[in-house]
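Novice: Residue numbering for the sequence shown follows our numbering, beginning at 267 and increasing consecutively.
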Amino acid sequence: MEKKLKIILEKCPQNHKCPAVKICPVGALSQKEFNAPVIDYDKCIRCGKCSNFCPKQALILEEIDVNS
Ligand code: SF4
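1. With a 10 Å radius around its C-beta and 16 neighbouring C-beta atoms as the bar for buried, classify L325 as buried or exposed.
2. If you draw a straight line from the C-alpha of V292 to the C-alpha of C320, how long is it?
3. Let me check understanding here. Comparing Cα to Cα, which of Y307, K315, S296 lies closest to K283?
4. Between the C-alpha atoms of V287 and K277, what's the straight-line distance to the nearest angstrom?
5. Thinking just about the alpha-carbon of each residue, which of D306, D308, L327 is nearest to the one in C316?
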């Protein structure tokens, strides 16, 4: 199983500075104004720090089945 970070837009209130942007150790999250953060998949190492941190659980490290 591989993992992929996903943003659940419906769970992100998009009205504040995303605290998870600073938590990411590789700078894979960025945010424009108060929009939901954007994931740079080339940088993301799927560590799960942001998904564990987001109080709204808007960032999910999802298991994906590469065989299906
Ligand atoms: S899973 Fe880790 S590397 Fe990827 S965006 Fe979140 S904190 Fe950054």
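Idealized CB from N, CA, C, for every residue including glycine.
Specialist: Reading off the structure:
1. Mapped onto the sequence shown, residue 325 falls at position 59. So L325 ends up on the buried side.
2. One-based indexing of the sequence shown puts residue 292 at position 26. One-based indexing of the sequence shown puts residue 320 at position 54. Spanning the two alpha carbons is a distance of roughly 17 Å.
3. In the sequence shown, counting from the first residue as 1, residue 283 sits at position 17. Minimum Cα distance to K283 is reached at S296.
4. Here residue 287 is taken as the residue at index 21 of the sequence shown, counted from 1. Here residue 277 is taken as the residue at index 11 of the sequence shown, counted from 1. Here the alpha carbons of K277 and V287 stand approximately 16 Å from one another.
5. For the purposes of this step, residue 316 is taken as residue 50 along the sequence shown, with counting starting at 1. Comparing Cα positions, the closest option is L327.
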